[in-house]
Each structure stands twice: as structure tokens, then as C-alpha cells.
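Chains as they are written, first to last, in my numbering: chain A, 28 to 787; chain B, 28 to 787. Quick reminder that beta carbons are idealized off the backbone N, C-alpha and C, glycines included. Quick caveat: nothing in here was measured; it's all calculated off a predicted structure. Report on the following structure.
Protein chains: 2
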Amino acid sequence: MKKNKIVGQSVRRLDALEKAMGTATFTTDVTLPGMLYAKVLRSPYAHARIVSIDTTEAEKLSGVKAVATHKNTSREMFNTAACMVLTVKELEPVWDQNIFNQELRFMGDEVAAVAAVSEDIAKEALKLIKVEYEELPAVFDAFEAMKPEAPVLHPNCHEGKNIPGESVKIPYGDVEKGFAESDIVIEKTFKVPIQKQVQMETHAAVAQVGVDGKVTVWSTTQTPHPTRMILSKVFGIPGSKIRVLNPPYIGGGFGVRIGCSAKAEPIALALALLARKPVKFVYSRKEDFSASDTRHGGFITVKLGAKKEGTFHALDLRAVLNAGAYCSFSVEAPGVLGAMGLAVYRIPNMYFHGHSVYTNITPAGAMRGYGNPQAMFPIDSVVDMMAAELGMDPMELRLKNIMKAGDPWFLPYPCGSSGLAECIEKGAKSVGWERRGKVNQTGAKKLRGFGMGVGTHVSNAAPFCVDYDNAYIAMQQDGSIFLTSGVPDMGTGTSTSLPQIAAEVLGVKFEEVSISFADTLSSPFEIGSHASRTCYAAGTAVVAAAKDLRKQILEFAADVVLKVSPEKLDIADSVVYVVGEENKSITLKELGYLAHLHLKQFIAVSSIVPPNSPPWEAHFAEVEVDTETGKVTVIKVAAAHDVGTVINPMIVEGQIEGGVLMGIGYATTEEIRFDAKGKQLHNSLHNYMLATAEDAPEIDAILVETKDPNGPLGAKGVGETGLVPTAAAISNAVYDATGIRFFEIPLTEERVYKAIKERG
Amino acid sequence: MKKNKIVGQSVRRLDALEKAMGTATFTTDVTLPGMLYAKVLRSPYAHARIVSIDTTEAEKLSGVKAVATHKNTSREMFNTAACMVLTVKELEPVWDQNIFNQELRFMGDEVAAVAAVSEDIAKEALKLIKVEYEELPAVFDAFEAMKPEAPVLHPNCHEGKNIPGESVKIPYGDVEKGFAESDIVIEKTFKVPIQKQVQMETHAAVAQVGVDGKVTVWSTTQTPHPTRMILSKVFGIPGSKIRVLNPPYIGGGFGVRIGCSAKAEPIALALALLARKPVKFVYSRKEDFSASDTRHGGFITVKLGAKKEGTFHALDLRAVLNAGAYCSFSVEAPGVLGAMGLAVYRIPNMYFHGHSVYTNITPAGAMRGYGNPQAMFPIDSVVDMMAAELGMDPMELRLKNIMKAGDPWFLPYPCGSSGLAECIEKGAKSVGWERRGKVNQTGAKKLRGFGMGVGTHVSNAAPFCVDYDNAYIAMQQDGSIFLTSGVPDMGTGTSTSLPQIAAEVLGVKFEEVSISFADTLSSPFEIGSHASRTCYAAGTAVVAAAKDLRKQILEFAADVVLKVSPEKLDIADSVVYVVGEENKSITLKELGYLAHLHLKQFIAVSSIVPPNSPPWEAHFAEVEVDTETGKVTVIKVAAAHDVGTVINPMIVEGQIEGGVLMGIGYATTEEIRFDAKGKQLHNSLHNYMLATAEDAPEIDAILVETKDPNGPLGAKGVGETGLVPTAAAISNAVYDATGIRFFEIPLTEERVYKAIKERG
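Here it is, written out as C-alpha cells:
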């Protein structure tokens, strides 16, 4: 009997039809009888204290059912992002937020919220809230904020002025000795911008409180179970009495709603508890920009030492990131920046030191790549500079120095596989690397250039943070398979790839597997969709559960029906059969009913701690720089990715293509800046220069499959790697085209034009 | 540390507030965007064939979105009740129904259904459906239907004309020899009426079909998982892609919606598939009466032989029940009638033979007691007659002959406990049995009398039918407990008693336990709420899961925190402590978070086959008969029940009180009769004489706790026993008052008055 092959097939996404036909339900679609609508009053100052607040007039407005402020809501401190508790004991979460703070630390900080029978009435009520503010001195720059004269944003910063938690230090070998032994040393400081996730659906939550005190929250969270933990902490309600679910779709996330969806869930729930009615709170796009986490901007210093034959010998990496007003992931992000930055090349002596600094701007938190893009633009810029110093082809230099499977490294899990060399070879071939330096006519106004960048990443958060997973699987009485995982599908296709994995392991037909997930009601604890872990960690749990189920099925079939030892049995296309005697068989449909008559359902719950595996990636960019305008046009990106086993090629390619485009935006256009008062200058889809389909070049997503020893059926994480090396590749290509090295991104027309002018 | 005692406490029902405040959601409250409303066209004949059906005009009516008939819906045969598949192979389910049949077998049988944007339009459309019927000869009486000249209602009745499936035969000892050896033999035939469940909420279902083909059905079913099985069979959709749930409340059931809620689910789903919109179908009360299962009426013959010293020596029991038009539970119900009828007294020689017969009336199916009340009214009438023959007190005669724990019996599980003697003693004391024969003044017009009846029952359906259970339990990261069971709470309080059981086994605070159930999404297979099994079987699964969880918790606490062997630990009030060194402890709240940091959630899934245990009951009735009107007024019922361990006294007492009132209705007023054309004469709350609060006498629910070796913490089933002996007790009391023995119930004024008149 031919075994059905499901993994590796681009089966149609199970969410495709619903999304294409407009019947897919998102949080904004959730409507409950008697539901109220919430609006939030936000701080007009970057730093201020509420002297007094009077909500009397607002409460009197007809249709207003509740007004929430710091005076009538929980004072329990929390952290909207704190679902990934660091397993490093010293780095426990920084609890520095209330739902409503009396001290307001950025323009947009929550002052009060109104629940009313319509959005218009809620908006009207906001105007009736009387607030007396005492404006306080504000600081916006990370280095300024560390100075003794800077205002204190949060107490208990024991490591340094306004530094949340502990800084991250990674020593490896002897870095001082390493530089002393190096023939060439290059040290440069880079500046990286504040980028925004701009996920399709803004933050939203609907909260309902039963008269029995049980709570249900539909929301855009990437992490329903951790959101439940946070709500349980903030509101003092047993976790078992809170249900958090996606409804079931989420319009993207890119890290911005790990933990809560900004404060959508706690604000909706606070109002629902006050009003005793269901409350819906949907962020406007402007609120989403100004009052939810961004990608950390900051300064990164790279010092690289090499032997003259081209062997890297020492690397010192320093990062100072701008945390903004609250901690969010500002302790963890520098850690990933350092760990990933140091993991790409085989260097015997390394050191990393990084931390964040509180300032009075919108908080920074998790965003796809989570520190890694901030590391690789500087590192791979310096690697290119080193190649120039050494007179080597940058590709050759990288091939000489990259990590290989089995190489010793400092990370607490083995480098079990690496297809990076193959990625480099295939990417170079795709972009036509041999054309480098040969394409520009003398005196041309539009100059072509080629650049590359490489990188790795994690496939989940372990062992740095709490990361474990459970999956539940049960065979129904007709042999069909029901699977639950608590992990959301925020558009990444896991509601298709997890059933593919289950079908493959079990040998059942793909269409017989159904998944229901992202609901704390139906699933055991699951830490959520982040850290490229969704398919990897939830998939590992699915493999474990499916293997257990398969064993139960085969043992029953062997014992009750086929009268052979279970080892002689296999399952294909939902039929259990004796290997080599394929006429001896029973369909799972028959078997499921037989088990029912034998008073048995096959059920398995897996509990796993996912190992970690490094995905690898090499991006090759061809760009064209218009020397008369400074415009950088990306012509092509060849994005070769070692993703381990490919579960669903269409989905993996989609992840890479999306990542590359986000990387192009990071490299060329996207940035949030602030005015002198701390007001965002880029807070809408009009003035934030998001890379869109129009900006998309030819993207060649090349899949390199190293069957990873750890991942589910050999798969690795792929959600974040798509943009890790893109900025370096583009900046290196701009250098190749123009000879100008940029130490700051994005490479806007203004910046590039100015540099060309300055050079003359 | 004092162990918290939760079991045995009348903790407030968790559903109480929602129900009292009107916020509890029932199926009729489910409203979905774009939802349509269904109405059904029903057969105007007791027996007819559809010659032609034309729905063209109905489909043209504005607002009509689908019309379903036998021509455009599934032809897969099913049985709305077939969730309890008999484990006896010969008695597999009788599949004798389609959603819409072309041959109509009772007045009310489904001809067609319309889905429209309003109920009014749907009703209007029914009038536009043109049907040509060919009327067929009909038969209404069970004995008539077995005659050669009777019409054939269903093919494949191999045992005899119109007998569905196999008749049930229970041989035990040598009954012929037993009668030969008896000194006194009494043989009488009794007639029992068709009773209706008249549960508060009529049948209802809302079906939704996603564009991805996944189905969700909210309904009043008592058995979500088996309903899913039935829908999967009928519609050919994998079970894994169908979700069935209560929303979450059900307004009663009493057996009438084991399997599907009549045809609410298949009709709603058939229309939803045709219309591609959600469809709600709510039965009117008249439809609920005429087109959903009743309690079987029929004829029962009891032949009892006794030795002259009062020892029962032989019992022959025969039953011919009226199945109505479709089989439903008509194969199983005679089995329970026989098995329970033969289980009460210790008699060495017994025989039972019983079966049902198809007729052209509303089908009979499951109703609280399920054959047992039909057995015990006749048997305990004859026992009273035997006492009179022997010149013994009926109570003494019973005490001499009842089964005792450990006695040999014919049932396939041991009689592990019996508190029946204690029930008799306590019931007699409560009613004042010593007043019997001493209360009536000579010549009084209103005569008082005392009577008693006894009985047993099952605590679940095993091993006769498929009966197994699973429960899922998980500790949350704050130490609170989340429990799921697929079993509905149809008003019986299991959403309170199951958490009580979990809290007791675990040693956690009751308020830290939350249950979510009756949803195939969140729970493994569960066969549903019936056969008095809800608290018993689901509770057994909860005990098993909670014990497993407790073990995991103690092992972790012992290993990671308290550094002792797990055997030295106990849990009380949500604190794990070292027994004898109670300062060495950790709260479950701390432990839950610690486990999280150790990458672990405590999760347990239990899979159990519930054993069975006999509950026992003795009812003592005091009645007053008005000899001038024939009116029987029940003054008091002392209902003493051996329920094993009492989980929640308030809930158990409520079950008994409700059962007694239903038994009073069975005994005195409730009956559905049909006219000569097969039309129900009692099909509304106006003309069906339901026993209501106004008819309730003083009811003394007496709880006798024999700690049963099998049940969860020693508990037994209690859902059905409340009405098993009531009719016998009342009829015996009427005999005691009047000297008239009745062989037919209900004891309506008309019947009693006529008997008094006839006697003169």
C-alpha cells in the first residue's frame, strides 16, 4: 500500500475559502446582545502626572454605561507582554504598568476609558472627562535618558538610570585577546530605526462577564493562554474561570500582541466588569501606532577582528535600545539581538553587552525577528567592510566563516543542522552574483549593485524563556481525527500545516483531520504564536500526540482485528494494514466504530518542551540607485532559507516573501520619528512609509531542506527569518552600486541623496 | 491541616444565578447573523404515502431560502435515538428513519421543511407546498398490529409482524418448576399509559455550516457526542468536522433527547446545507407532543408465586409495549423493564419476555425510568395482592423478600450495596405506616389510605449498552482547576456536583474549580446525560482524572519543593503540605506558577468504563380518595432513596422531589390518548394533565447513604429512581383506602369514580 504523502504538499489552506469569501470572523466581527463600545482618553503629554480627574459629566451622558480610570480599576501591576517568562531567574518580568496609570509616560498613555451604547457616544463622553495634568520633564533619546539629570521614568532601575531589568552580557572565549591577535579590526556604530508591525487588523477585544463571574474574552491576541494568565493576575480571577479565544481569525500580529493586544483585553474587561455588559474595544489605526509596541530602535556597535587570511577571530557587539515608556520585551529583545548576532559566524572570541533604556515615547516590544534584524544589518555591513579590507569576495569571506552543523557554539542547544552554505550558493546563483561589479556603464545615473546578508534565528523561545507545548488529539467514532492546539493561526497557515503534520504521522487522509484551536476552552496550555515557534513547537506537540495516538490505534487493531503484532502494521490513506499482506486490513472508519463498541476512544495529550533548531538564511539583493534622486529601488531579492523539512511549500514561501517585503521596508522606507514634544510624526497608513505590494521586487524564495534532527518531521521555524538579513543585503548592494557605506537605515531618498551630495 | 469537605455540602448551584437572573442562554436564545427560521410540514394522516410533492410555489415566496423534502435530502437511514448502541451484538440499532420519509407512519411525521427569513414566512410557505398523499390502512393497538391482517409498517421485522429488532428474554432458574412448587400464585395483566416528558424547553437546534464545510450545531440534545455521530452518519461529514454543543443550558430532557432532539438537529442542518445560511428550528409545544418520543404505553403481565410462609418462589413477567411509528429505543426499553422488574426481589425462579410493536402513533422512546415504572406498578401491585392473600403486612412481606447486598442475582454486575431495608424503615416511619387501617371513620366520604412500593434501578447503561466516559482536567498556572466533561447539565445540577467531586479528590477550594462542558469542541467522547449516569459515570471519570492530576501535583511538589516522598503529602484548601509537619507547605497558586517555570502543566485525561451500582428506593404514599368524585389526592409521599454517597444534598433532594411529582402524574393524571384516526387527544399544556406544583403533596426526600464500592466517592445514580415506585405506592394506597385494586393507570377521577360506582 502506497503511503500517502501529505507533508511537503502545497495543500490548499483550510482558511482560504472563508477569507476569500469574506465569511471569516475576526474580533471586530464579534457582536453580542447588549454589547457596549469602548473609547479611550489618552495622554496629550509625553510625561505628566494626573493631579485630578473628574468623570461626573461623562457618566451623566445618556448612553454611557461605565467610565474607567486609575481610581476605579485594578492597581495590580503587570506587563502587557509578559507571557514569555524568562527562565533565567534574575530576569523575571518587569511589572511596570497599570491598566490606567496616574503618571503618564508617553503621548498616548491611557488616562480613562468609556463604555457606551455607541462609539459616537463614547467619543463624546471622552470630551466630558475633566483632567488636570502636571506636566513633567520628558526625555526621548536613550543616551540622554541614562544621564544623571534625566527624569526618572520608573523606580527600581538598579542597573543604571532608566535601565529596565538587567542588561544582557554574553561572554565567549577571550575577546580582548582575540582582538590583540587579529590582523584587521573594524569597529563601527550603527543606528536602527523604530519600525511598526502594521498588522492588517488593529488591536481588538470583546470582553463578557457572566453573572456567575466567568469571563470570556475574544481578542486578537497571539497568545490566548498567556493572555489568560495576565488577566487572571490583573483582575484576581482564577485562571480556570477565564476563557480567551480568537474568534477564530486574527489579521496578523508580527509580535505586537504577544501577551495582550496592547491593552485591548484589560480595558475591555475592566469596562465589562464596571458596566456588567459585554464591551468591545477596537483600536483605531492611530491608536495602534501610538499606543502599541514598536520594533526597538537604537544604537549597535560592531567590532570585528580577522586574521589576514580571512578568518574571523573576535567579535564585540554592543546594543543600546530605546525601550520607550514601558518595559514590554525590552529586557528580552537585547538578549535575542546578542544571541543571534553572535551565532552566525564561527568566531572563537566574542562578547555581547546590550540593554534598553526607558524614554518618553511609545513602548517598543516584540516584532518579527525580535532584535535579530537590528543585529544583522550592522554585523553584515561590517563583514562586507572586512571583505573589502581583505580584498575578498564578501560571499567567499562568509562561506569561510559561517557556522556549520556540529561546530561548537555558545548557544545552549546544539547546532544540529545548517544549510547556510547551500543557501548562499543557491541565492548567489539566483541573483546572478557573478554579474557583481560588471553591470554599470561609466557615467550612468542609475547604478546597479549587488549585496548579500546572512543570518540564523531560533525556532522557538526555549531555553531562554518559558516555552512548552501541549496538544490534544482524538480519533472520532468514524475514524476521523480531531486535533486541538492552543496556538493561534494569525495568518501564518498553521491551521493547515498542523493538520498536515498529524495526517502524515497518523497515515490518515488530510481531509479527515480537523483542527480547532486558539481557545483556552478546548486546549491545554500553549504559550502562543511567536518566536517562529508556531509550526515548530506546536508541531512538535502534534507529532508527539499523533505518535501516541497511532500507537494506541495499532495496538487495538493488532489485538482485536488483525491478530498480529502491532509492529507489523502500518496506516496509509486511513487504512490499517499488515505490511506485506495488504489484503489484511481495516479502515479507520470501521476501526473507530469498533473501538466505540469496545468502549474506547483513542485520545492522546502530548506535553513537550520543544528543543530548538537554527534556521538559516542568505539574502541576495540587486538594487538600483538613482543618483539624481537618491531613490533605492530593489530589483530582486533571492531569499534562500534553510527551513528544515518543508511542511507546506506554498505557506513557507508566503512567509519568506512577506518577510522579505518587511525587510525591504526596514531597509528603505519605514521609520517612526517623534517631534520635540514626543509626538509621533508617522502614525497612519498615509505617513508611515510601509512597504506595500507596489514596492515588492521579484522575490525568489528558495527552500533548502536540511532534515533537522529536532524539529517536527525535521521542520524549523520560518516565521521571522524572512527579514533578518534583508537590510544588510540591500545596504551592501547600495554600497556596491555607489561606494557609499550607510550606518543608518532606512535608506530613504533623502538620506541617500544627501550622502551622494556630500561625497560629491 | 483540616481537610476541606466539599462533597456532602449543599453548595449553591453554579447555574443558579444565571437562571434566576434570566441571563442563562438556551438554544432558543442562540442568534447568528443571517440566521433563517425553519418550519415543518407534517403528515395529516396516520399512515400514507407521498405520491407527489411540488415545492415550486413555496420556493418562489419572497424570503424563502430553502425547502427540504425526501427528494433533496440524505436518504441515509438512521435512528434519532441511536446513541446507546447495544453491546449485545444481536441487538444492533434499528435504522428505520429518514429525515423526511416518503411513507408517513404517524400523524405528525415530517413531510417537508422550509427555511425563511422569518417564522411567519416559513409558515406561509408550508401552505404553498402541494402534496398528493395516498392514504394507507393504519393500526394503533399493539396487539392488533401483530395480527396477520395488519398493515406492514416496516420491513425486516423477522421476529414477528411489526416487532422491531429482537424481543428480550431473561431466563433465571426454572420458572415452571418454581410455580409448581409455590403455594400461592397470582397472575394479573396491567395496562400502562403513554406519558410525555413535557420538559420545560421544547426541542430546538441551530445549525451553521462554514464555507469550509465545518458544521456547528447548538441544540437541546442530552448527548452532544452521540448527536455528532448521528449527524456524521446521516450527512456523510467526518465527525471531526462537526461540533455539537449545548449553549450551554437545556431546559430539561428526561430522556426525550437522547441522540437527537427529535429531528431538530438533522432538519436544521439539512436546511442549513441547502440554504448555506444558519438555520434555527424550534419545536412548538404541539410538535414536541406529537412528533417526539413518549414513554411507552403497553400491557404487562405479572405472575408471582410464593410459599405460604411468605417467600417469593417464582416470577414471570411479560411486556408488550407500543413502539409507535419508529423504533427509537423500543428494543432497549423492554430490556430495562424486565431487568429492573426482576432485580428487586430475591426470587430463585424467574422469566421475562418483552418486546415492542410498531403502530401508527407517535413513537415511544426514552423517558425517565425507561421501562422501570412500567414494571414496578404491576409488580408491586401484585406483591400487595400477595400480602393480602398471605395475610401479611405488605411492608413485612417486602422486607422478607428484597435483595440484599451480596445476594446472588441475574444481573451482570454484583449487587454491591443495598440500603433498601433502611429505606423501607425510614419511609414507613416518615409516612406513619402504623396508622394504616386506622384512619378512616366509618361512613366517611373521603377515605385515607397508605401504600408503598419499592424498586431499584441502574446507575448507568453498562454493560447493556455502550457506556464509557472520559474527562479532562488541567491545573492552571495559578493553581486553579479547569475541568471538562462532554456531559450536559440539563438542569440536574451536574455542573455543580462534578466540580464538587473534583475539588474533594484534589483538596482544592471549590471556588477554584471551573467546569466547561457539553461541547464536543472541548471534551473527549462522552455518551451523554441519560440512564441516571450523569453524575455517576461522568463523576467516575472526574474522580479518575482528578486522582491522576493529584498524583502529578504531589510528585512535583515532593520532588521540586518539599523534598519528601509524595506519600507524605496531602492537599487541603488548595495547599500542599507535609502531613504532620504542616508548616512545610506550598499553595497550589505558588505551585502552579512554579510548574509553569519548570515548563509543565499538570493535565490528566481519564478514560473509564463505569461499573454499575443499584440505587434503591421505597416510596410510601398517603392518599385521600373522594368517593363522591373519584378524585385521588396524594397527601404525602415519603421517598426514601439509597443514593450511595450524597454529593450535594440539595441537588439530590431536588431530583427525588421532581421524580416523585412525575410519578404522581404517571399514577393519577398523565396520559396521551389518540382518536380513531390516530390524532393525539392530549397534545398541549392545556389538555395534557401534567402534574404541576399545585399537585405536589408534602414530599419527604429521605437520603440513605450506603457507600457504594463502585460509584464516584460511593455515589449512585439518582436521576430516574424518583418515580419508579410512586405509581405502585399510590395505587396500593388507593386500594388501602377503598378496597379497589386498579390494573390500569392513571387513576383519574373518571376511572376511580367508575370503579367505585361499579363496585357499588
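Sorted by chain position, which residues of the same chain lie with C-beta nearer than 6 angstroms to residue i's C-beta, five sequence neighbours on each side aside?
| i | result |
| --- | --- |
| residue 322 (chain A) | 222 and 394 |
| residue 390 (chain A) | 320, 351, 352, 353 and 355 |
| residue 710 (chain A) | 313, 316 and 317 |
To which residues of the same chain is residue i closer than 7 angstroms at the C-beta, ignoring the five residues directly before and after it?
| i | result |
| --- | --- |
| residue 219 (chain B) | 324, 325, 327, 401, 404 and 772 |
| residue 362 (chain B) | 195 and 491 |
| residue 570 (chain B) | 528, 532, 739 and 740 |
| residue 105 (chain B) | 122, 124, 257, 260 and 261 |
| residue 706 (chain B) | 134 |
Do you know whose CA, among the options, lies nearest residue i's CA?
| i | options | result |
| --- | --- | --- |
| residue 559 (chain B) | B:494, B:548, B:707 and B:503 | B:494 |
| residue 731 (chain A) | A:450, A:764, A:257 and A:72 | A:450 |
| residue 488 (chain B) | B:439, B:544, B:611 and B:464 | B:439 |
| residue 513 (chain B) | B:535, B:166 and B:500 | B:500 |
| residue 307 (chain B) | B:236, B:635, B:187 and B:683 | B:236 |
| residue 588 (chain A) | A:578, A:617 and A:566 | A:617 |
| residue 756 (chain B) | B:287, B:640 and B:661 | B:661 |
| residue 287 (chain A) | A:679, A:268 and A:310 | A:310 |
| residue 598 (chain A) | A:614, A:373, A:341 and A:592 | A:614 |
| residue 131 (chain A) | A:148, A:96 and A:147 | A:96 |
| residue 128 (chain A) | A:176, A:700, A:173 and A:180 | A:180 |
| residue 612 (chain B) | B:601, B:620 and B:622 | B:601 |
Taking the CB atoms as reference points, tell me whether residue i and residue j lie closer together than 7 angstroms.
| i | j | result |
| --- | --- | --- |
| residue 551 (chain B) | residue 630 (chain A) | yes |
| residue 141 (chain B) | residue 78 (chain B) | no |
| residue 231 (chain A) | residue 247 (chain A) | yes |
| residue 305 (chain B) | residue 261 (chain B) | no |
| residue 379 (chain A) | residue 365 (chain A) | yes |
| residue 515 (chain A) | residue 541 (chain A) | no |
| residue 641 (chain A) | residue 737 (chain A) | no |
| residue 214 (chain A) | residue 334 (chain A) | no |
| residue 718 (chain B) | residue 691 (chain B) | yes |
| residue 198 (chain B) | residue 539 (chain A) | no |
| residue 48 (chain B) | residue 242 (chain A) | no |
So, under 8 angstroms CB-CB, residue i and residue j are touching, yes? Tell me the CB distance rounded to an integer number of Å.
| i | j | result |
| --- | --- | --- |
| residue 91 (chain B) | residue 152 (chain B) | 5 angstroms |
| residue 108 (chain B) | residue 464 (chain B) | Rounded, the Cβ-Cβ distance is 45 angstroms, inconsistent with contact. |
| residue 447 (chain B) | residue 645 (chain B) | 6 angstroms |
| residue 347 (chain B) | residue 206 (chain B) | Actually they are not in contact, since the Cβ atoms of residue 347 (chain B) and residue 206 (chain B) sit about 21 angstroms apart, beyond 8 angstroms. |
| residue 581 (chain A) | residue 603 (chain A) | 7 angstroms |
Among the residues of its own chain, which have a CB less than 8 angstroms from the CB of residue i, if the five just before and after it don't count?
| i | result |
| --- | --- |
| residue 42 (chain B) | 51, 276, 516, 520, 522 and 523 |
| residue 712 (chain A) | 225 and 312 |
Practice task
For the stretch 500-513 of chain B, enumerate the residues whose C-beta is nearer than 9 angstroms to any C-beta of chain A, in chain order.
Solution key: With the criterion set as a beta carbon lying under 9 angstroms from some beta carbon of chain A, the members of the stretch 500-513 of chain B are 501, 502, 503, 504, 505, 506, 507, 508, 509, 510 and 511, in sequence order.
Problem - Short-range partners of chain B found in the stretch 289-310 of chain A, where Cβ spacing is below 8 angstroms - result: Within the stretch 289-310 of chain A, not one residue has a Cβ closer than 8 angstroms to any Cβ of chain B.
Practice task
Return the residues of the stretch 42-57 of chain A that lie within a Cβ-Cβ distance of less than 8 angstroms from chain B, sorted by chain order.
Solution key: When C-beta distances to chain B are compared with 8 angstroms, the residues of the stretch 42-57 of chain A below that value are 42, 44, 45, 48 and 50, in chain order.
Exercise for the section: Residues of the stretch 547-581 of chain B with a CB closer than 7 angstroms to any CB of chain A: list them in chain order, please. Expected result: Within the stretch 547-581 of chain B, the qualifying residues are 548, 549, 551 and 552.
Problem - chain A contacts made by the stretch 243-273 of chain B, where a contact means CB separation under 7 angstroms - result: Taking 7 angstroms as the Cβ-Cβ cut-off against chain A, the residues of the stretch 243-273 of chain B that qualify are 256, 259, 265, 266, 267 and 268.
Problem - Near-chain A residues of the stretch 225-243 of chain B - C-beta to any C-beta below 9 angstroms - result: So the close ones are 237, 238, 239, 240 and 241.
Handout entry: Within 8 angstroms of chain B by C-beta, residues of the stretch 525-545 of chain A in sequence order
Key = If you check each beta-carbon in the stretch 525-545 of chain A against every beta-carbon of chain B, the ones closer than 8 angstroms belong to 538, 539, 540, 541 and 543.
Exercise for the section: Identify each residue in the stretch 628-655 of chain B for which the Cβ-Cβ distance to at least one residue of chain A is less than 7 angstroms, and report them in chain order. Expected result: Within the stretch 628-655 of chain B, the residues whose Cβ lies closer than 7 angstroms to some Cβ of chain A are 628, 630, 632, 634 and 636, listed in chain order.
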